[in-house]
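Residue numbers (our numbering): 24 to 241. Here's the structure we're looking at; comments come further down.
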Ligand code: MLT
């Protein structure tokens with residue numbers, strides 16, 4: 024039986040007949056989701072990647088999340104920091120267990136927020152990130168170097184949960200730290216549209232055609 028490595032999770036290896044390799048994807052669901060939620064989306068966006076999908080450990084009225092919040096958009100920062108380091112430890116263990124390279128995160132909403140937190144607090148854990156409807160999870164005092172780390176932010180112009188200024192603030196913060204940030208603006212709200220999926224697929228394919236000079240794996 025597969026070890027849980029500290030998180031209930033699912034792991035789907037890269038298809039055996041894949042002609043080219045692609046970075047493994049770390050799938051991070053939104054509030055109320057679970058480890059199965061984003062498997063279909065992950066496969067759609069990255070047909071030849073291995074998929075690693077943990078379930079958030081915090082329960083809010085029975086709904087799994089990756090960290091606690093005090094209200095909509097108001098985060099419990101102490102819990103966020105702790106949960107970010109905990110998730111990073113899971114990622115390191117899973118990489119060893121499955122022989123994976125560094126992972127590219129694909130996170131939606133609460134999952135995008137913890138992915139952004141991993142970028143900001145756990146340098147070297149992720150090879151990059153696709154952040155679907157993220158906010159600024161935390162603004163650490165001490166910046167570190169995210170040079171060349173590819174990040175796609177997919178934001179919704181009509182998002183009632185994440186105002187457009189918030190997505191811009193995150194893009195600006197990550198750029199200040201050296202990340203290579205692209206932003207896709209969807210005409211929609213917090214839910215994803217076909218345009219978001221297409222933008223993510225295209226961004227990933229473009230990145231694979233010309234891989235950036237990533238900082239070396241720790
Ligand atoms: C969060 O709590 O991470 C964000 O408000 C998004 C959400 O999960 O609703």
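Glycine included, each C-beta is placed from N, C-alpha and C at the ideal position. Computed from a prediction, not measured in an experiment: that's the story for all the values here.
Any chance the CB of residue 211 is under 7 Å from a heavy atom of the ligand MLT?
Result no, Cβ not under 7 Å from the ligand MLT.
Anyone know if the C-beta pair for residue 213 and residue 184 falls short of 8 Å?
Closer than 8 Å, so yes.
Is residue 76 close to the ligand MLT? I mean its beta-carbon at under 7 Å from any heavy atom of the ligand.
Flag unset: Cβ of residue 76 not near the ligand MLT.
Helix, strand or coil: which one does DSSP assign to residue 121?
Reduced to three states, the DSSP call for residue 121 is helix.
Helix, strand or coil for residue 238? Go by DSSP, reduced to three states.
Caution applies to residue 238, whose pLDDT of 48 falls short of 50 and renders its modelled position unreliable; the model cannot decide the point.
Whole angstroms are fine: how far does the CA of residue 198 sit from the CA of residue 61?
Whole-angstrom Cα-Cα distance: 27 Å.
Which word fits residue 64, buried or exposed, when buried means at least 16 other C-beta atoms lie within 10 angstroms of its C-beta?
Buried: at least 16 other Cβ atoms inside 10 Å.
I need the DSSP call for residue 164, collapsed to helix, strand or coil.
In this structure, residue 164 counts as coil in the three-state DSSP scheme.
With 16 as the cutoff for other CB atoms within 10 Å, does residue 150 come out buried or exposed?
Its Cβ being crowded by 16 or more others within 10 Å, residue 150 is buried.
Once you ignore the five residues that flank residue 29 on each side, which residues in its own chain have a CB closer than 8 Å to its CB?
If we look at residue 29 and ignore the five residues flanking it on each side, its Cβ neighbours are 109, 112, 113, 116.
Using the three-state DSSP reduction, which class does residue 90 fall into: helix, strand or coil?
Here residue 90 sits in coil by DSSP.
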